[in-house]
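Below is one structure, written out as structure tokens, with a few remarks after it.
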Amino acid sequence: MLVLPLAICWFSAVGLAILDGRRPTVAWTAVGALTAAFASIIVLATDVISGQPQQVVAGGWLPGVGIVLRADALGILFAIVSLGVLLAALLFETLGGVRSRSFPSLVMFLATGLTGLFLTGDAFNFYVFFEISMIASYVLTAYGEERRQLRAAAIFAVVNLLGSVLFLIAIAALYHITGRLDLFGIGARITEVPSRTVVLSAALVFVAFSVKLGLFPFHFWLAAVYTGTRPAVAAILSGAVANIGAYGLLRFGAELLPRELGFSSPALLVIGSASILYGGLQALSRNTLPEVLAYSSIGQAGYILLALGIGEQVGYSAAVLFAIVNSLNKGLLFLSENLRGWLVGAAFAVGGFSVAGVPPAAGFVSKAALFRAGIAEGSVLLIILIFLGGALSFIYMLRSYQRRFWVPEAPPDGQPAAHGSSPLRVRAIVVALALLVIALGVWPEPLLALSRDAAAVLPPVSVESAR
Amino acid sequence: MTIMSRHVARLLLAPTWMVALAVMIKGYADTGDGFSAGIIASLGVLLQYLVVGTRETTQLLPVRYAREAAQFGLLIALLVTFIPVLWGDPILTHYPRPGESVTHLGTLELLTAVLFDVGVFLLVLGVATGVIDLIARSRERRPT
Numbered sequence: 179m180l181v182l183p184l185a186i187c188w189f190s191a192v193g194l195a196i197l198d199g200r201r202p203t204v205a206w207t208a209v210g211a212l213t214a215a216f217a218s219i220i221v222l223a224t225d226v227i228s229g230q231p232q233q234v235v236a237g238g239w240l241p242g243v244g245i246v247l248r249a250d251a252l253g254i255l256f257a258i259v260s261l262g263v264l265l266a267a268l269l270f271e272t273l274g275g276v277r278s279r280s281f282p283s284l285v286m287f288l289a290t291g292l293t294g295l296f297l298t299g300d301a302f303n304f305y306v307f308f309e310i311s312m313i314a315s316y317v318l319t320a321y322g323e324e325r326r327q328l329r330a331a332a333i334f335a336v337v338n339l340l341g342s343v344l345f346l347i348a349i350a351a352l353y354h355i356t357g358r359l360d361l362f363g364i365g366a367r368i369t370e371v372p373s374r375t376v377v378l379s380a381a382l383v384f385v386a387f388s389v390k391l392g393l394f395p396f397h398f399w400l401a402a403v404y405t406g407t408r409p410a411v412a413a414i415l416s417g418a419v420a421n422i423g424a425y426g427l428l429r430f431g432a433e434l435l436p437r438e439l440g441f442s443s444p445a446l447l448v449i450g451s452a453s454i455l456y457g458g459l460q461a462l463s464r465n466t467l468p469e470v471l472a473y474s475s476i477g478q479a480g481y482i483l484l485a486l487g488i489g490e491q492v493g494y495s496a497a498v499l500f501a502i503v504n505s506l507n508k509g510l511l512f513l514s515e516n517l518r519g520w521l522v523g524a525a526f527a528v529g530g531f532s533v534a535g536v537p538p539a540a541g542f543v544s545k546a547a548l549f550r551a552g553i554a555e556g557s558v559l560l561i562i563l564i565f566l567g568g569a570l571s572f573i574y575m576l577r578s579y580q581r582r583f584w585v586p587e588a589p590p591d592g593q594p595a596a597h598g599s600s601p602l603r604v605r606a607i608v609v610a611l612a613l614l615v616i617a618l619g620v621w622p623e624p625l626l627a628l629s630r631d632a633a634a635v636l637p638p639v640s641v642e643s644a645r
Numbered sequence: 006m007t008i009m010s011r012h013v014a015r016l017l018l019a020p021t022w023m024v025a026l027a028v029m030i031k032g033y034a035d036t037g038d039g040f041s042a043g044i045i046a047s048l049g050v051l052l053q054y055l056v057v058g059t060r061e062t063t064q065l066l067p068v069r070y071a072r073e074a075a076q077f078g079l080l081i082a083l084l085v086t087f088i089p090v091l092w093g094d095p096i097l098t099h100y101p102r103p104g105e106s107v108t109h110l111g112t113l114e115l116l117t118a119v120l121f122d123v124g125v126f127l128l129v130l131g132v133a134t135g136v137i138d139l140i141a142r143s144r145e146r147r148p149t
């Protein structure tokens with residue numbers, strides 16, 4: 179059961195690579211395969227969340243000798259969200275007409291990488307699946323193959339290859355220190371090592387995942403890439419691929435290196451705050467929608483770091499919740515970027531409200547969880563900062579909504595054709611995503627329970643005691 | 006290129022592949038595997054491109070099937086990985102299992118692990134050759 183989603187994604191990726199993805203039948207086959215993988219992940223999730231984590235050791239070796247595939251509540255939750263956003267983006271592009279023969283196959287390769295990454299229990303395999311998904315996303319960024327997409331792909335590939343190398347060095351260092359590559363073994367042995375030996379690897383892991391997530395001092399690639407790519411790919415990058423950063427920080431930071439996470443908590447809070455303010459202010463000063471969304475992503479990544487810096491179960495579950503809601507928001511907003519019609523306007527408004535944390539959108543639930551974590555930490559400054567960040571994002575989302583949907587664009591040569599609505603079937607995806615965001619905001623109980631289950635996977639080391 | 010280097014490059018192709026094959030087979034008792042074998046074999050191909058030139062190399066070697074080789078190799082490796090799941094074994098279970106009798110071909114033991122390495126070999130060789138060919142062609146189109 180554990181290997182089924184991985185097998186579906188991988189075989190269909192290889193199979194589709196031979197075929198011409200521009201043909202509708204091929205694209206629809208990819209949609210079918212991804213739906214099957216998504217369904218099997220959900221079936222797996224019902225087993226994992228209600229019962230015990232599932233584990234398979236490759237080749238039937240002993241655990242610790244063979245490579246481990248492992249599904250627990252944290253990994254499976256991220257896998258569901260990422261595959262869901264991928265499915266929405268693939269469906270969006272299929273309905274709108276795929277423009278390149280490799281697009282469906284690349285999406286499936288990306289799905290393979292992400293599924294493997296979230297369901298592996300082995301640090302080196304984490305790196306391998308990480309690279310599979312990153313290489314697929316480098317090529318996906320160039321999708322459209324115009325000058326600006328190629329430029330975006332070049333920037334994305336160079337910066338993120340540096341991040342990957344840092345991560346590989348960190349894994350090698352962890353292996354050198356502990357003599358183990360399975361996450362469980364590393365976590366068990368790392369506490370016996372003096373902290374100063376581990377701190378360099380911990381810093382490398384932090385930088386590698388921050389680059390991926392687009393946090394403030396490591397964000398410089400993000401705006402150029404998100405504005406350069408096509409909307410569907412931007413939705414994939416910010417809704418699915420950025421999850422690697424959040425998941426990696428939780429898995430490696432909170433599970434493997436809780437001690438180092440504990441004493442670097444002030445630094446995390448500072449970087450997170452800087453990211454929130456920088457992203458918010460930059461988004462406020464930008465005029466085009468893709469730029470606003472790109473800088474907004476930087477700000478939103480700051481909240482995840484803030485929650486991680488607060489630590490403990492309440493902080494971790496807020497981080498999980500925020501990462502999930504954020505990827506839904508960004509998927510919705512990037513997909514509705516170029517569409518027209520009042521339905522899209524309404525969907526965009528829902529996404530904007532969700533980013534700002536206004537009820538009844540799901541963003542409110544995640545902001546509330548952050549407030550709760552801030553109160554648990556007992557810091558007035560943090561609560562003011564979260565409120566300020568929310569106010570900033572409310573202003574910039576409202577401004578871009580007005581500019582995008584209220585101001586009638588001057589027709590370039592008097593043609594009214596530019597004002598027609600986009601095809602209904604394309605808009606339906608955006609509307610469905612918006613309804614999902616509202617549904618999760620109105621009835622948040624399942625999502626809250628899931629994020630608590632996911633945070634319960636991480637060791638309950640309190641930050642205070644680690645200090 | 007001098008006639009000397011051309012001949013040496015041609016002559017080196019077969020031994021390079023022989024070494025690649027040896028590295029792959031040795032992998033079951035000594036250092037080596039399909040990945041490094043694929044790298045060595047594609048180094049042999051790279052030497053031809055550098056010395057003989059793109060046009061003659063593409064005439065000499067079936068470079069145009071690089072893409073198919075990579076896909077076929079990946080497919081073999083994936084099948085070896087996932088097929089044991091069909092009868093309830095974990096992924097990447099290799100047959101015959103430890104302790105069971107193995108068919109020998111000289112010193113080579115015929116395991117499914119060999120098939121997996123052949124897949125990896127084809128994948129690496131196909132991708133590396135494809136990339137070399139792509140770069141060589143793009144240089145030829147735009148002479149510097």
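Chains as they are written, first to last, in our numbering: chain A, 179 to 645; chain B, 6 to 149. Virtual Cβ for every residue (Gly too), placed ideally from N, Cα, C.
Any non-hydrogen atom of the ligand NAD within 7 Å of Tyr100/B CB: The ligand NAD is absent from the structure shown, which contains no ligands of any kind.
Which value, in whole angstroms, describes the spacing of the CA atoms of Val470/A and Glu555/A? 31 Å
Taking 7 Å as the limit between beta carbons, can you name the residues of its chain near Ala539/A, skipping five residues before and five after? Val528, Phe531, Ser532, Val615, Ile616 and Gly619
Identity of the residue in Ala413/A, Phe302/A and Ile349/A nearest Leu318/A by Cα: Ala413/A
Using the beta-carbon of each residue, which ones in chain A are nearer than 9 Å to Ile8/B? By Cβ distance, chain A contributes nothing, its closest Cβ being about 41 Å from Ile8/B, past 9 Å.
Which stretch, first to last residue, makes up the alpha helix (DSSP H) that contains Val389/A? Ser373 to Leu391
Could you tell me if Ile564/A is buried or exposed, where buried requires 16 or more neighbouring beta carbons within 10 angstroms of its beta carbon? buried
Cβ closer than 7 Å: which chain B residues qualify as neighbours of Gly237/A? Pro95, Leu97, Thr98 and His99
When you check each C-beta in the region 187-202 of chain A against every C-beta of chain B, which residues fall closer than 7 Å? Trp188, Phe189, Val192, Ala195 and Ile196
List the residues of chain A that Leu116/B touches, going by C-beta distances under 8 Å, in chain order. Residues of chain A passing the Cβ test: none, with the nearest at roughly 12 Å.
Run down chain B in chain order and give the residues with a C-beta less than 9 Å from the C-beta of Ala185/A. Leu83, Thr86, Phe87, Val90 and Ile96
Chain-ordered neighbours of Gln76/B on chain A, where CB pairs are closer than 7 Å: Val192, Ala195 and Ile196
Is the distance from the Cβ of Glu433/A to the Cβ of Gly365/A below 8 Å? yes
Helix, strand or coil at Asp225/A [DSSP, three-state]: helix
Cutoff 7 Å; reference Leu295/A; Cβ partners in own chain excluding five residues on either side: Phe304, Phe307, Phe308, Ser311 and Ile422
Coil, strand or helix - Glu114/B by DSSP: strand
When the distance is taken between beta carbons, is Leu636/A closer than 8 Å to Tyr494/A? yes
Identify the residues that DSSP records as bridge partners of Val234/A: which are they? Leu247/A
Assign His109/B to one of three DSSP states: helix, strand, or coil. strand
Taking a Cβ distance cut-off of 8 Å, strictly less, list which residues of the region 215-239 of chain A are near chain B, in chain order. Val234, Val235, Ala236, Gly237 and Gly238
Can you list, in chain order, the residues of its chain with a C-beta nearer than 8 Å to that of Leu548/A? Leave out the 5 residues immediately preceding and following it. Tyr481, Leu484, Ala485, Ala496, Phe500 and Ile564
Among the residues of its own chain, which have a CB less than 7 Å from the CB of Gly592/A, if the five just before and after it don't count? Unreliable placement is indicated for Gly592/A, whose pLDDT of 44 sits below 50; the coordinate value is still reported in the next sentence. Nothing listed; no residue qualifies.
Taking only beta-carbon positions, decide if Leu127/B is within less than 8 Å of chain A. no
Where Phe398/A falls, given that 16 or more other Cβ within 10 Å makes a residue buried: exposed
Should the region 347-356 of chain A be called in touch with the region 228-236 of chain A, which here means at least 3 C-beta pairs below 8 Å? no
In whole angstroms, what is the alpha-carbon distance linking Pro594/A and Tyr316/A? The predicted position of Pro594/A is uncertain, since its pLDDT is 44 and thus under 50; no value can be drawn from it.
For Gly406/A and Leu65/B, I'd like the C-alpha separation in whole angstroms. 42 Å
Ser283/A and Ala191/A look like a contact to me (Cβ under 8 Å); what is the Cβ gap, rounded to whole Å? 6 Å
At a cut of 8 Å, does the region 125-144 of chain B reach the region 37-46 of chain B through at least three beta carbon pairs? yes
Rounded C-alpha distance that separates Ala472/A from Ala330/A: 13 Å
Assuming Thr293/A and Ala257/A are in contact, meaning their beta carbons sit under 8 Å apart, how far apart are those beta carbons, in whole angstroms? 6 Å
Less than 8 Å between the C-beta atoms of Ile30/B and Val181/A, yes or no? no
Is there contact between the region 568-575 of chain A and the region 446-460 of chain A, where contact requires at least three CB pairs shorter than 8 Å? yes
Residues bridged to Pro241/A by DSSP? Gly244/A
Below 8 Å between beta carbons: does that hold for Ala118/B and His99/B? yes
C-beta atoms of Phe270/A and Ile607/A nearer than 8 Å: yes
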